[in-house]
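For the sequence shown, the residue numbers in full-length UniProt numbering are 1 to 114. Don't be surprised by glycine CBs; every beta carbon is placed ideally from N, CA and C. See below for the structure under consideration.
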Amino acid sequence: MDDLSSESVNLQPWLLLSDAGPACWQMQDDRIALAMFTDQAKAQQYATNAQLQNSQCLQPSPIDLVRTMAMCVEGAIEVAVLDPDQNSARRVFDLPVILKKVRDDLRAGKPLTW
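This is the structure in structure tokens:
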């Protein structure tokens, strides 16, 4: 999937977090992506399949999600994927584009939306 979507989406994703940081997924082009999930069951299934030890499944607040995305970009992870499995993901998001939109919207006094 190469759709680097930046359009607005009504999404409150679930993440898998551990002491090492958020769960990631390796794309076919070898890029590393932040793994996000539409529901808790999908996140837990991913954790089981990927044998992620000691990971927590949680739905972060919008501010915490933005912080996680910013941390990923600082660590050279510039994309996020939705509902990844062993072979594919439903959607790809361009994190720098999302963070720019969030920053611009907040500066304009708009609420935080996806």
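{"Asked": "What is the DSSP secondary structure of Asp3, counted as helix, strand or coil?", "Found": "In this prediction, Asp3 has a pLDDT of 49, which is less than 50 and means its spatial position is unreliable; what the coordinates show is noted afterwards. Looking at Asp3 - three-state DSSP - the assignment turns out to be coil, as it is neither helix nor strand."}
{"Asked": "Taking the beta strand (DSSP E) that Ile98 falls in, what are its first and last residues?", "Found": "Segment 95 to 107 is the alpha helix (DSSP H) holding Ile98; no beta strand (DSSP E) there."}
{"Asked": "Within 10 angstroms of its Cβ, does Ala76 collect 16 or more other Cβ (buried), or is it exposed?", "Found": "exposed"}
{"Asked": "Would you call the CB atoms of Val66 and Ala33 closer than 7 Å?", "Found": "no"}
{"Asked": "Can you name the start and end residues of the beta strand (DSSP E) that Leu65 belongs to?", "Found": "Run containing Leu65: none in the beta strand (DSSP E); it sits in the alpha helix (DSSP H), 62 to 74."}
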